[in-house]
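Take a look at the structure below.
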Amino acid sequence: MKKQTHLHLGWPEVEYFFNAAVLLQLCIPVLSVHACTSVFAPAVGNNTCKASIWDPRYGGLCRRHAARTDTAVECLCVCCKCFIFGDAQVALLSASHPHHKTSVLKMDEASLSVINEIEDDMMLYVLSDHCFQCLPQLLGIIPARPASGTPATVGFVVDTQHALTLQLNSTSAHLEPCKVHFHFGEQGNYSLWVKNLNEPSLVSCSMITDSEPINSYLPILFAFLVFAFLAALSAIWNTVKRLDVVTNLLLCLGSTVETERLINSELGTPNRLVDASMESIIPATTGRRLRSLDTFRGLSLVIMVFVNYGGGRYWFFRHESWNGLTVADLVFPWFVFIMGTSVGLSLSSSLRRGVKRTHLLWRIFWRSLQLFLIGVIIINPNYCNGPLSWDSLRIPGVLQRLGFTYLVVAVLDLGVVRDRLNNLSSETCWYSVHDVCLYWPAWVFVIALETVWLCWTFLLPVPGCPTGYLGPGGIGDFGQYQNCTGGAAGYIDRWLLRDNHIYQTPSSRAVYQTMMPFDPEGVLGTINSILMAFLGLQAGKVLQHYRDQHRQIITRFLIWGFILGIISAVLTKCSRNDGFIPVNKNLWSLSYVTTLSCFAFVALVFFYYLVDVKKWWSGAPFFYPGMNSILVYVGHEVFEEYFPFRWKMANSQSHAEHLAQNLVATSIWVIIAYLLYRRKIFWKI
């Protein structure tokens, strides 16, 4: 919601600026006949609007007073709800200037002029296709035509991110409403003509494009071509440097030292498969670090940095408002998944080197604590202005959840992992699933933990909310459960951490107009992040038990992906909103974890095959940030507002400029990671 809303109320030369926060104090923004508690009646010169007239036909909102003064200035008595809306803002225009633009359009906005040629006042309601089970929201009122042949015109600014359904209702009961479903283009100008048909009770609505919108996706195409060109140059260089002449020249200039042996992953020792001489079950080969894991982690991290910096201000590079997935919703779970894989390889390697379990346990606790403390510091940026204030300190966060998830999964694996893999006959009836059965106590624990999540989510009574509610609250579910955002997950966070210590502006606020704080990294969702990391841990077990058996590893990864995909299909009914448990990043729902784990196993097959099996790709450039992930993540959070990661743009309402800035900032962190790699500088905790 913008801090200030600019309205033109139809009086020549007169403009009013309303502070949104003040207006919200005047009205209760709900959809019922008791919604508005007061009205704003502007005064023009010596003429003041008369008392407003209440009429339930206006959806419980303040209606326009139709009286005119002797100076022909029309009085308007409006409620704040008419003007503050997540998908559009209203601007009333003088009928004498039907094509006058109220203001310069911003990103993801279009201009709409509604031209009324009938003798009734019309109310315009809008409903976004992205808003599930929402009531249409009153966008504004279009007055009746003042005279025959002179239509009344009202201008609006509408959202272009998603398709909208526009509905025009007459203030009189004898006219049928008309609906128009339309996806507006950015910076376009449109006219909606409202006319009577042959029958007086029928209304015709026609949408006309006055000026064509811009193509806001061209910058993405251009950026793709630029990076594709750079990738082609890199491939050509890799081919050229294999030539004997070039190789000899490079050897003369200096040699490189193997750096992988000095590197630890961000949450443990390297993603390295131990020397085969220690394992009788595995054929003897040299130990090596799995570059595919670092590449996958690095890709997730690069996308995370890009979307955190703004993602060019495109909606699909932002987190989904509630149910569903966008690009931004993919990366954090993948990061958690790879963390689990690294934990499995790390602890097994340490135990085989003779490190005591008590020492490993202490390291696990210490690393978890460091992650938690670093996370609290970087998500509360007031640390630059002095001591942190407990009154508004946000406690949950990305690194905090990583720290706690790592603690649980690492301790769990430490309790069941074996010092060395024993020989197991292939004739054993459960040999084909021995990588699961050998760790059955951990599976029992995780299943019990997931049962706790299901019981708390669907059986915990939440005051004022239906049991098992998974919705966004606000205007969702037809406005019945406004303060129930997140159901049990939100209630537990608000009860345990209090409102001031959780995220205040969740992604559901833009579309569903939720007013309750809700934290996507809250307490209840942490259970499912543990499940996500545990599935990653299982991927690590596959790599351990079938090392260098590439066909077995790829087959098992695909089987895991298939099983998790089937579970997701059942839970969601292959739909966005109609399933038993929809895919939801804010809640970290069970279907969200199974879906993203399915994607992770398939992606890991892709990276493993290209990077570690065929060696067609070195993993660059994603490999480098994957080797220094904690440094890159913390650095991009701390220096986000500083040059060269951010600068003043010539046009802040341009997707192209935002995209260029965010891509440059992300690329700089990749370059920094590469330079640190070359200098063997790695931050481990």
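Under numbering that gives the first Met the number 0, the residue at position 658 of the sequence shown is numbered 657, and the numbers go up by one with no gaps. Idealized CB from N, CA, C, for every residue including glycine. Nothing here was measured: the structure is a model prediction, and the numbers come from that model.
task = Compute the Euclidean distance between the alpha carbons of F226 and L300, then round it to the nearest angstrom.
result = 18 Å
So, helix, strand or coil for C177, using DSSP?
strand
Worksheet entry | Straight-line Cα distance separating L523 from S169 | 47 Å
According to DSSP, simplified to helix, strand and coil, what is L148?
A small correction: the amino acid at residue 148 is Gly; Leu does not occupy that position in the sequence shown. Three-state result, G148: coil.
Original post:
H657: buried (16+ other C-beta within 10 angstroms of its C-beta) or exposed?
Top reply: buried
_C-alpha distance - L500 paired with I377, whole-angstrom precision_ = Contrary to the premise, residue 500 reads as His rather than Leu in this sequence. Roughly 15 Å separates the two Cα atoms.
Discussion item. Rounded to whole angstroms, what is the Cα-Cα separation between K235 and V569?
Written reply: Reading off the sequence shown, one finds Ile at residue 235, where the question assumed Lys. So the alpha carbons of these two residues sit roughly 46 Å apart.
Validate contact between the stretch 618-630 and the stretch 183-192 using beta carbons, cut 8 Å, 3 pairs: no
Exercise for the section: Could you check the C-alpha separation between V293 and Y676 for me, to the nearest Å? Expected result: Before going further, note that residue 293 is Asp rather than Val in the sequence given. Each residue's alpha carbon lies about 13 Å from the other.
Check: By Cβ distance below 6 Å, which residues in the same chain neighbour L448 in space, the five residues on each side in sequence not counted?
Finding: I526
Problem set entry | Alpha-carbon to alpha-carbon, W452 and V157 | 40 Å
Using a Cβ-Cβ cutoff of less than 6 Å, which residues in the same chain neighbour C130 once the five nearest sequence positions on both sides are dropped?
V510
Exercise for the section: May I have a chain-ordered list of the alpha helix (DSSP H) segments no shorter than 4 residues that lie completely inside the stretch 639-677? Expected result: 654-677
* Going by DSSP, what residues sit across from C204 in a beta bridge? -> V193
### Message
With H, G and I counted as helix, E and B as strand and the rest as coil, what does DSSP make of N585?
### Response
coil
If you check the beta carbons only, do Q399 and E520 fall under 8 Å apart?
yes
* To do: May I ask which residues mark the beginning and end of the beta strand (DSSP E) holding Y632?
  => Where Y632 is concerned, there is no enclosing beta strand (DSSP E), although the alpha helix (DSSP H) it sits in stretches over S628 to V637.
Inset, instruction - Could you say which of W439, H635, I114 and A409 lies nearest to I667 if we only look at CA atoms? - result: H635
Are Q687 and L344 closer than 8 Å when you measure CB to CB?
With the chain represented from 0 up to 684, any question about residue 687 goes unanswered, as that position is not in the structure.
Check: Using 8 Å as the threshold, is the stretch 595-615 in touch with the stretch 658-665, meaning 3 or more CB pairs across them?
Finding: no
What did DSSP end up calling S210 once you bin it into helix, strand or coil? strand
Determine the contact status of G472 and M515, defining contact as a CB-CB distance below 8 Å. yes
Proximity of L104 and Q186 at Cβ, strictly below 8 Å | yes
Nearest to G309 by alpha carbon, out of A659, R678 and I671? A659
| request: Indicate whether the contact test is met: 3 or more Cβ pairs, each with one atom in the stretch 392-409 and one in the stretch 363-378, closer than 8 Å. | output: yes
(request) Can you check DSSP and say which residues form a bridge with V435? (result) Paired residues: none, contrary to the question.
Notebook entry, point to check: In its own chain, which residues sit with a C-beta less than 6 Å from the C-beta of W559, not counting the 5 before and 5 after it?
Noted result: F600
- Task: Return the first residue and the last residue of the beta strand (DSSP E) that Y706 is part of.
- Result: As displayed, the chain neither begins before 0 nor continues past 684, which places residue 706 out of reach and without an answer.
| Own chain partners of F685 with C-beta closer than 7 Å, once the 5 adjacent residues on each side are dropped | This structure does not reach residue 685, given that the chain is present from 0 up to 684, and the question cannot be answered.
Which class does N247 belong to by DSSP, given the choice of helix, strand or coil?
helix
- prompt: Nearest CA to the CA of V153: which residue from G139, F183 and Y405?
  reply: G139
Rounded to the nearest angstrom, what separates T325 and V354 at their Cα positions? 42 Å
(message) Our contact map puts T340 next to L536 with C-beta atoms below 8 Å; I'd like the distance itself, whole angstroms only.
(response) 7 Å
Through-space distance from L249 to T554, alpha-carbon basis
40 Å
- Given D119, which residues of its chain have a CB within under 7 Å of its CB, disregarding the five upstream and five downstream residues? A143, S169, T170, S171 and L174
- Helix, strand or coil for N379 per DSSP? coil
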